[in-house]
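Number of protein chains: 2
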Amino acid sequence: MRTQLLERAARMLREREPITLRSLVAGTGVSTMAVYTYFGGMDGVWRALRQEGFTRLAARLEALVVPADPVEDLVAGAAAYVVNALEHPDLYRVMFDATVDLEDLEAAEATLGHLERAARRCRDGGRIAEDADPDRLATEVWTVCHGIVSLVVSRVASRRTLASGIPLLAAVITAAGDDPAACRRSVEAGWAALRPPQGSTATASTSTR
Amino acid sequence: MRTQLLERAARMLREREPITLRSLVAGTGVSTMAVYTYFGGMDGVWRALRQEGFTRLAARLEALVVPADPVEDLVAGAAAYVVNALEHPDLYRVMFDATVDLEDLEAAEATLGHLERAARRCRDGGRIAEDADPDRLATEVWTVCHGIVSLVVSRVASRRTLASGIPLLAAVITAAGDDPAACRRSVEAGWAALRPPQGSTATASTSTR
DNA sequence: GAGCTTTCCATGGCAATGTGATGCCATAGA
DNA sequence: TCTATGGCATCACATTGCCATGGAAAGCTC
Chain F
203 MRTQLLERAA RMLREREPIT LRSLVAGTGV STMAVYTYFG GMDGVWRALR QEGFTRLAAR
263 LEALVVPADP VEDLVAGAAA YVVNALEHPD LYRVMFDATV DLEDLEAAEA TLGHLERAAR
323 RCRDGGRIAE DADPDRLATE VWTVCHGIVS LVVSRVASRR TLASGIPLLA AVITAAGDDP
383 AACRRSVEAG WAALRPPQGS TATASTSTR
Chain X
203 MRTQLLERAA RMLREREPIT LRSLVAGTGV STMAVYTYFG GMDGVWRALR QEGFTRLAAR
263 LEALVVPADP VEDLVAGAAA YVVNALEHPD LYRVMFDATV DLEDLEAAEA TLGHLERAAR
323 RCRDGGRIAE DADPDRLATE VWTVCHGIVS LVVSRVASRR TLASGIPLLA AVITAAGDDP
383 AACRRSVEAG WAALRPPQGS TATASTSTR
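The listed protein sequences correspond, in order, to chains F and X. Going by this note's numbering, the first residue of the first sequence is number 203, and it counts up by one from there. Going by this note's numbering, the first residue of the second sequence is number 203, and it counts up by one from there.
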């Protein structure tokens with residue numbers, strides 16, 4: 203029942219229907235009090251949606267095949283973050299709209315953890331300086347991605363702004379010590395996941411989901 | 203009357219009181235319909251608040267004394283952007299929360315315009331490559347700042363994350379062609395506006411406002 | 001100045017919202 | 001079979017944004 207309501211809420215969010223206590227239970231044969239039993243109120247519904255969003259994002263990151271090139275790995279994680287946000291823009295907004303609380307933060311940490319692991323690989327593989335802080339690099343990458351995608355999702359910046367991810371990430375990783383030319387190549391490879399939504403039309407119908 | 207209501211709304215937002223049609227007019231001696239006359243509804247109030255936020259930001263940027271060093275100028279604009287957001291976090295959230303519409307975009311453009319002017323100065327002054335695109339650099343700087351401040355304001359990242367502005371901006375501007383050492387110096391100088399909230403306690407009481 | 005129009009906004013009510021008190025009842029444990 | 005626990009349906013409430021109505025003031029024409 204709980205998951206049924208949650209999925210229904212996620213679907214309504216995706217389809218841009220207003221999520222209201224009554225509209226949420228309408229047609230499910232269940233009454234409004236059920237929402238209070240399972241979520242403790244509408245706030246709880248939004249919180250659950252937020253967590254669901256982070257969980258889905260973490261799953262997506264986990265499902266990535268890790269390339270041999272650690273820098274490409276790092277950027278691929280960043281790209282997956284961006285793609286996820288673009289595919290579920292409303293969910294993304296919910297995830298960062300309100301002032302998040304601590305349990306949400308844990309889920310967010312998981313996301314950051316993926317990037318940190320890749321950043322450590324970069325250092326261990328000698329791609330960035332030995333004394334560079336991988337966690338800091340991961341945070342910087344995350345910050346950049348969040349900035350880009352946040353502006354695009356809220357339509358302040360056009361979708362073309364996504365392309366700036368390449369020079370930005372290249373600048374950040376190069377600053378951490380990577381060789382400029384190699385870095386550029388790795389970044390472009392890792393960022394490639396962003397290409398399909400711009401170029402191809404069909405052929406992607408057999409993807410996940 | 204309109205500005206009185208708008209200022210009242212801004213104050214309520216600042217003081218974290220819920221802004222409601224009735225709470226907005228309560229005590230003003232005016233009725234709810236006045237809000238419809240002046241704003242066309244609560245949506246209009248939020249839109250007006252958004253625009254007010256952009257206007258205030260633009261004024262703040264305009265009031266900056268432009269330093270001789272163009273890179274410092276660029277970064278000072280970025281820092282002012284961040285400081286403004288930190289001083290009025292709720293207003294900042296409103297500015298980017300909803301899907302903004304076109305008239306809001308104009309105001310946002312003004313903000314970007316300030317950075318673009320500074321970026322052009324950087325190119326004309328020979329600080330970045332001649333074939334570098336100043337507008338792109340300005341957008342990148344904006345993106346980075348928005349990413350940082352957005353994470354900090356929504357409490358996803360700690361306030362310490364603000365410090366990453368220096369290496370990030372240095373990386374971005376260096377990538378555009380500036381000399382690394384000089385860039386670092388300019389960025390630190392421009393970013394200095396962020397220092398007070400961390401360090402000093404008094405002595406800043408005679409500042410603006 | 002009288003009459004007409006227009007603009008502004010106070011009154012009051014409406015539908016929809018989130019919330020919660022009350023109590024029914026199915027299930028499980030004795 | 002009796003009972004007790006917990007899930008949830010029913011119903012009522014306060015509050016929300018919105019607006020139809022109408023009154024009052026201001027402007028315009030003659």
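All C-beta atoms in this analysis are idealised placements derived from N, C-alpha and C, irrespective of residue type, glycine included. The structure displayed is predicted, hence computed values, not measured ones.
Determine, using beta carbons only, whether residue i comes closer than 8 Å to chain X.
{"i": "His-348(F)", "result": "yes"}
{"i": "Ala-212(F)", "result": "no"}
{"i": "Ala-284(F)", "result": "According to the sequence shown, residue 284(F) is Val rather than Ala. Chain X contact via Cβ: absent."}
{"i": "Val-374(F)", "result": "yes"}
{"i": "Ser-352(F)", "result": "yes"}
{"i": "Leu-307(F)", "result": "yes"}
Does residue i have its Cβ less than 8 Å from a Cβ in chain F?
{"i": "Arg-329(X)", "result": "no"}
{"i": "Asp-335(X)", "result": "no"}
{"i": "Arg-338(X)", "result": "yes"}
{"i": "Asp-299(X)", "result": "yes"}
{"i": "Pro-369(X)", "result": "yes"}
{"i": "Arg-345(X)", "result": "Correcting the residue identity first, residue 345(X) is Thr in this sequence and not Arg. It does: the Cβ of Thr-345(X) has a partner Cβ on chain F nearer than 8 Å."}
{"i": "Glu-342(X)", "result": "yes"}
{"i": "Leu-364(X)", "result": "no"}
{"i": "Ser-356(X)", "result": "yes"}
{"i": "Leu-263(X)", "result": "no"}
{"i": "Leu-317(X)", "result": "no"}
{"i": "Leu-396(X)", "result": "no"}
{"i": "Ala-383(X)", "result": "no"}
{"i": "Ala-281(X)", "result": "no"}
{"i": "Ala-175(X)", "result": "There is simply no residue 175(X) to check, as chain X begins at 203 and stops at 411 in what is shown."}
{"i": "Ala-377(X)", "result": "yes"}
{"i": "Ala-310(X)", "result": "yes"}
Between the Cα of residue i and those of the options, spot the shortest distance and give me the residue it belongs to.
{"i": "Ala-384(X)", "options": "Val-346(X), Pro-272(X) and Ala-250(X)", "result": "Pro-272(X)"}
{"i": "Pro-336(X)", "options": "Val-374(X), Ile-350(X) and Thr-363(X)", "result": "Val-374(X)"}
{"i": "Arg-357(X)", "options": "Asp-292(F), Ala-236(F) and Met-297(F)", "result": "Met-297(F)"}
{"i": "Val-354(X)", "options": "Asn-286(X), Ala-372(X) and Leu-263(X)", "result": "Asn-286(X)"}
{"i": "Val-268(F)", "options": "Arg-338(F), Gly-279(F), Ser-360(F) and Gly-367(F)", "result": "Gly-279(F)"}
{"i": "Ala-365(X)", "options": "Leu-226(X), Tyr-240(X), Pro-382(X) and Val-284(X)", "result": "Val-284(X)"}
{"i": "Asp-381(F)", "options": "Ile-330(F), Gly-392(F) and Gly-315(F)", "result": "Ile-330(F)"}
{"i": "Leu-263(X)", "options": "Gly-349(X), Ala-236(X), Leu-251(X) and Leu-276(X)", "result": "Leu-276(X)"}
{"i": "Ala-212(X)", "options": "Arg-386(X), Gly-327(X), Gly-328(X) and Glu-289(X)", "result": "Glu-289(X)"}
{"i": "Val-227(X)", "options": "Leu-207(X), Thr-239(X), Arg-252(X) and Gly-246(X)", "result": "Leu-207(X)"}
{"i": "Arg-361(X)", "options": "Glu-311(X), Val-247(X) and Pro-291(X)", "result": "Pro-291(X)"}
{"i": "Ala-261(X)", "options": "Met-203(X), Thr-234(X) and Gly-315(X)", "result": "Gly-315(X)"}
{"i": "Ile-412(X)", "options": "Leu-307(X), Val-343(X), Asp-245(X) and Ala-321(X)", "result": "This structure does not reach residue 412(X), given that chain X is present from 203 up to 411, and the question cannot be answered."}
{"i": "Arg-218(X)", "options": "Arg-322(X), Glu-254(X), Leu-293(X) and Ala-391(X)", "result": "Leu-293(X)"}
{"i": "Leu-259(F)", "options": "Arg-249(F), Ala-309(F) and Asp-326(F)", "result": "Ala-309(F)"}
{"i": "Ala-395(X)", "options": "Asp-306(X), Leu-266(X), Leu-215(X) and Arg-322(X)", "result": "Leu-266(X)"}
Reducing DSSP to helix, strand and coil, say where residue i ends up.
{"i": "Thr-222(F)", "result": "coil"}
{"i": "Met-203(F)", "result": "coil"}
{"i": "Leu-259(X)", "result": "helix"}
{"i": "Leu-370(X)", "result": "helix"}
{"i": "Gly-379(X)", "result": "coil"}
{"i": "Ala-365(F)", "result": "helix"}
{"i": "Val-268(F)", "result": "coil"}
{"i": "Thr-234(X)", "result": "helix"}
Please give the ranges of any alpha helix (DSSP H) in the region 303 to 349 of chain F, keeping only runs that are unbroken, at least 4 residues long and fully inside the region. Fully enclosed alpha helix (DSSP H) runs of 4 or longer: 304 to 326.
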